[in-house]
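Chemist: Sequences listed follow chains A and B, in order. Throughout the first sequence, residue numbering follows our numbering, covering 321 to 405 in sequence. Throughout the second sequence, residue numbering follows our numbering, covering 9 to 972 in sequence.
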Amino acid sequence: MSHDENAGRHPKLVRMANQIGTFMLSKPHDEGVAGVAEHINKFWEPRMRRQFFEVLDGGGGDLLPIVKEAAPKVRRPAPVEASAS
Amino acid sequence: MGLVQEIDFGTPASKAEKQVTLTVDGFTVTVPEGTSIMRASMEAGIAIPKLCATDMVDAFGSCRLCLVEIEGRAGTPSSCTTPVAPGMVVHTQTGRLKDIRKGVMELYISDHPLDCLTCAANGDCELQDMAGAVGLRDVRYGYDGDNHVFAKSRNALEGGVANMRWMPKDESNPYFTYDPSKCIVCSRCVRACEEVQGTFALTIEGRGFDSRVSPGMHQPFLDSECVSCGACVQACPTATLTEKSVIRIGQPEHSVVTTCAYCGVGCSFKAEMRGDELVRMVPWKDGKANRGHSCVKGRFAYGYATHKERILNPMVREKISDPWREVTWEEALSHIASEFRRLQYQYGRASIGGITSSRCTNEETYLVQKLIRQGFGNNNVDTCARVCHSPTGYGLGQTYGTSAGTQDFDSVEDSDVIMVIGANPSAAHPVFASRMKKRIRQGAKLIVLDPRRTETVTSVHAKADFHLPLKPGTNVAVVTALAHVIVTEGLFDEAFIRERCDWSEFEDWAAFVAEPQNSPEEVEKLSGVPAETIRGAARLYATGGNGAIYYGLGVTEHSQGSTTVMAIANLAMATGNIGKRGVGVNPLRGQNNVQGSCDMGSFPHELPGYRHISGDAVRDIYDSLWGVKLDNEPGLRIPNMLDAAVEGSFKGLYIQGEDILQSDPDTHHVSAGLAAMECVVVHDLFLNETANYAHVFLPGSTFLEKDGTFTNAERRINRVRKVMAPKNGLADWEVTQKLAQAMGLNWNYQHPSEIMDEIAKTTPSFQLVSYDLLEREGSVQWPCNEKAPHGTPIMHMDGFVRGKGKFIRTEYVATDEKTGPRFPLLLTTGRILSQYNVGAQTRRTDNVVWHAEDVLEIHPHDAEQRGVRHGDWVRLKSRAGETTLRADVTDRVSPGVVYTTFHHPDTQANVITTDFSDWATNCPEYKVTAVQVGLSNGPSQWQEEYAEQARMSRRIEGRLEAAE
């Protein structure tokens, strides 16, 4: 169990990231880590990646180790687009 | 314009390569060996009189009208059953033949009514034609004797006594009638039902003069096994089997070839018209997907196009609790434009998006994604493939380098072993099922992986040699176990693998599948499939000759959907079943244009032709053509849009021709997402379920009302042709164009062909596609470019698209959706023959006679434990929600598994399904939901509230009755 402040944040997103991580576990380790990052970069919209980094920057919550290991290769999205409101 | 005329050659074409030359009435003709004299004559332009022969079925030789004389042979053989021989000299018109034919026709007509002027077949009756052809001028026998024509005897002595031979007209089928008094017992209908459709619902009862066509055991058509495909009606030479629409309207005067708007088979039809009224849809013989066959949906279920509930005017409302207000197109479009711009100003550029339709044309889909990328300035575009075949795109892309299904439908004619996984083509892709069953009757073997014992597992003269009734959610384990057997027993195709794949990747994969946990004995414990059945199926697939895999949503709609697709791809590579006729990996696509909508760049991460949005070179093509800078980040997928809406960052959505509230999983989540948006635009034929949450409704047009193209499951681009003006005033592509113009984009397409030209110019796999080409070729399968100017029927012929085929480890991971004490049963969902998808179209046709409501299939053992009897109302509950429906107690499902369809909004099976999804693509896990079933007193609270909310939200100002 993790006890950091982000435990339980964005649970659906954490689940999705861990599903990707779980598939990549069956690959050779380095390839798997690269696979997680590539998959998230290719298919996750910046909002989702922003939430991913919120979880990660808060300690990583329930993210699998392979996902955490892949995080440095995940592209950090640009800061939230300025809007009128 | 006139009717599209198709020549009936009388008997099917011979596929022999050897040619034979003969003379017919002095003309020399050369035909393939095995051709009938009848067909050879027709090739030479001489039509021999015939009644029982037609080229959709094998020759039968019963009518004795097609007799010929052959020099050097005695007698007068029937030309339909006599094959040609080298040097044969045939005479089709001699004094002897003329006399015989006239005599035969006289006998036919002596037992046939003479009401030709008022007969529905007047103008389209082969019996009448033949009477004319043989010069029949008199019928000497009268009608006083034995006959099937009159209800009462005409004999003076028996005057008025009931004629026991006479049978009344059977009008039980909603689409056609059977009038036995007009039947000449040519057996064409019976043979069409057997040979073309493969249902064997019809037979000839009695012998000699007593012979009658009988559906089932002398039953009305509706009560028999008949599936209403229409083949018998098409085959009938008289008015015996006639479309009710022809009886009502009369004969058509012109026809236009177009493409069916139902399933992914993409059948070609002739829309037969009288003025702008559609008289009937008749399958087109030259259609390369269907080869002249059809199913109940495409042939008959088009009445929704003129249904009274169709909405024909744009409508707007402030709040979703308000009634609708009818407005002009200009008002509706400028309202959307200003709302969308307001939302983007207020919440950011990425706060709006759109969904393209798998029911609309390629051109329309292309325009919607273009509107989003160019006009909205983001990539928030997705399509219903998200919830069906997105794992196919990912899985086949990873292993083979392209998401393309590998074969054309003709390929099944060369298959020796057919493996159907998670699909029930007899219900969902019926015309392909007929072609598959035809091949099975010729001796091909069948393996089916499905939790249910579907129609595909057991049908007449086509039974599965191996049925693997796996527990829902164990696909990966079972398919990997098949690979285990193939690898450990040395049944793989080493030469193929060494040539086409990376050998070291194969070795790694082989070592993985050979691990003990992947053995059939271990997998039996998870899947419930006996190890010996898995072993038998694997051996048959690997060693039985050409092995072809066809799969459906039972593969993709799982947490491990993409993994199963890879496992299937591995299996085909390991056995060398790729790159030739008769083999392959064939995704059976659900909707008519789901292939096309994917091809057209409907996914948020890729541009048309499956090119990732992050590629600078690809974006450059569009940047310069569209004069914008495209966003290089992937957009939101449908489930992500709904999540973002609930979180408050996604506010506006343009939905063309899709009903996500009914079709997408976890209805409560979908409705929460929609309700959180400020501008939902639904563009559809009807006020569908999603429209309950819409602020703007744009009326759509049907496939009969516009030009365009659909791309079917075999990548075949087929023309859709306009046969009537859009009842709503505008074709859908025009609506999207006007919306783009309202948002300030400079679009000016005059015709869909110009849109296709833009697609061809920017997409390498469509490089040579144009309406001119489609006019010339009829249809073409992409890739269609300089390397393959006539398209590509079979993929990977000379190596895989990605270079070497890639073997990928497929570790089984059990879904998180698990049964337990509260939810001990597994629900899986699917479709039936007569209904289509969310039912918006088919529920508005007479197809409801076959399926008026969704029912829950439950095994007798599970039913008994719960006190549930056949027909009882039951409550179906999961952790996501609950609904009620009637129980169908049947052993088609295994104990522990229940099944239902999702065609009716009042049942709303997706209230039950959860938000779990495929790891790679977010394709929802529709096929596995842990549920409990119990007796029910009536509709669930949700159902009652939903019905009330739907009623309120469908009110239109100034109209008393809200449309459904």
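Here a beta-carbon is modelled for each residue, glycine too, at the ideal position from N, C-alpha and C. Note that the structure is a prediction, hence the values are computed from the model and not measured.
Give me the Cα-Cα distance between B:E794 and B:E134, rounded to the nearest whole angstrom.
Modeler: Those two C-alpha atoms are separated by around 46 Å.
Chemist: Along chain A, in chain order, which residues have C-beta atoms closer than 8 Å to that of B:W927?
Modeler: M336, Q339, I340, T342 and F343
Chemist: At what residues does the alpha helix (DSSP H) containing B:K252 begin and finish?
Modeler: K252 to I257
Chemist: Go ahead and label B:I319 buried or exposed: buried means 16 or more other beta carbons lie within 10 angstroms of its beta carbon, across all protein chains shown.
Modeler: Classification for B:I319: buried.
Chemist: Can you tell me where the alpha helix (DSSP H) with B:L695 in it begins and where it stops?
Modeler: Premise fails: B:L695 is in no alpha helix (DSSP H) and is neither H nor E.
Chemist: So if I threshold CB-CB distances at 9 Å, which residues from the segment 820-842 of chain B count as touching chain A?
Modeler: V821 and D824
Chemist: Can the beta-carbon of B:R900 be found less than 9 Å from the beta-carbon of B:R460?
Modeler: yes
Chemist: If you draw a straight line from the C-alpha of B:M574 to the C-alpha of B:T583, how long is it?
Modeler: 14 Å
Chemist: Pull up the distance between the alpha-carbon of B:A55 and that of B:A472, whole angstroms please.
Modeler: 42 Å
Chemist: In the DSSP assignment, find the beta strand (DSSP E) that holds B:H262 and state where it starts and stops.
Modeler: Annotation for B:H262: the continuous beta strand (DSSP E) segment containing it runs H262 to T267.
Chemist: Does any residue of chain B have a CB that is nearer than 9 Å to the CB of A:P419?
Modeler: Because chain A in this structure spans residues 321 to 405, residue 419 of chain A falls outside the shown range and cannot be described.
Chemist: Could you give the C-beta distance for B:V591 and B:R547, rounded to a whole number, given that I count them as a contact under 8 Å?
Modeler: The pair is not a contact, with the Cβ atoms about 17 Å apart (cut-off 8 Å).
Chemist: I'd like to know if the segment 612-623 of chain B and the segment 325-343 of chain A are in contact, where contact means that at least 3 CB-CB pairs between them fall below 8 Å.
Modeler: Not touching, per the Cβ criterion.
Chemist: Assign B:I15 to buried or exposed, taking buried as 16 or more other Cβ atoms, counted over all protein chains shown, within 10 Å of its Cβ.
Modeler: Burial state of B:I15 is exposed, judged by a 10 Å Cβ sphere holding fewer than 16 other Cβ atoms.
Chemist: Nearest CA to the CA of B:V521: which residue from B:F474, B:N578, B:I557 and B:P734?
Modeler: B:N578
Chemist: From B:F514 to B:F705, what distance separates their C-alpha atoms?
Modeler: 53 Å
Chemist: Using the Cα positions of B:Q664 and B:F924, report the straight-line distance between them to the nearest angstrom.
Modeler: In this model, B:Q664 and B:F924 are separated by some 25 Å (Cα to Cα).
Chemist: On the DSSP letters alone, give me the boundaries of the alpha helix (DSSP H) that B:H492 sits inside.
Modeler: N483 to T496
Chemist: Pull up the distance between the alpha-carbon of B:T541 and that of B:L476, whole angstroms please.
Modeler: 7 Å
Chemist: If we ignore side chains and look at the alpha-carbon of each, how far apart do B:L782 and B:K106 end up?
Modeler: 45 Å
Chemist: Please report the straight-line C-alpha distance between B:D218 and B:S70, rounded to a whole angstrom.
Modeler: 15 Å
Chemist: Give the list of continuous beta strand (DSSP E) stretches no shorter than 3 residues that lie fully inside the segment 708-732 of chain B.
Modeler: 716-719 and 724-728
Chemist: Beta-carbon of A:R329 versus every beta-carbon of chain B: anything under 9 Å?
Modeler: no
Chemist: Under 9 Å between the Cβ atoms of B:S398 and B:N601?
Modeler: no
Chemist: So what does DSSP say about B:G69, is it helix, strand or coil?
Modeler: coil
Chemist: Within the same chain, show all residues whose beta-carbon is closer than 8 Å to that of B:D624, passing over the 5 residues directly before and after it, in chain order.
Modeler: Correct list, in chain order: N640.
Chemist: Thinking C-alpha only, which one of B:C88, B:R47, B:A52 and B:E51 is nearest B:A67?
Modeler: B:C88
Chemist: Check for me: the beta strand (DSSP E) holding B:G660 runs from which residue to which?
Modeler: G660 to Q664
Chemist: Select from the segment 564-585 of chain B all residues with a C-beta closer than 9 Å to any C-beta belonging to chain A, and list them in chain order.
Modeler: S567, Q568, S570 and T571
Chemist: Taking its Cβ as the centre, do 16 or more other Cβ atoms sit within 10 Å of A:H349, making it buried, or is it exposed?
Modeler: exposed
Chemist: I'd like the list of long-range same chain contacts for B:K714, defined as Cβ closer than 6 Å, with 5 residues on each side in sequence excluded.
Modeler: Once the five neighbours on either side are set aside, the close Cβ partners of B:K714 are K730 and A739.
Chemist: Run through DSSP, which three-state label would B:T853 get?
Modeler: In this structure, B:T853 counts as coil in the three-state DSSP scheme.
Chemist: With a cut-off of 9 Å, does the C-beta of A:H349 fall near any C-beta of chain B?
Modeler: no
Chemist: Mind pulling the chain B residues with CB within less than 8 Å of A:K362?
Modeler: H613, H620, S622 and P642
Chemist: Where in the segment 387-412 of chain B do unbroken runs of the beta strand (DSSP E), each at least 3 residues long, occur, reported from the N-terminal end onward?
Modeler: 389-391
Chemist: My guess is that B:T38 and B:T31 are in contact by the Cβ rule of under 8 Å, so how many angstroms apart are they, rounded?
Modeler: Rounded, the Cβ-Cβ distance is 11 Å, inconsistent with contact.
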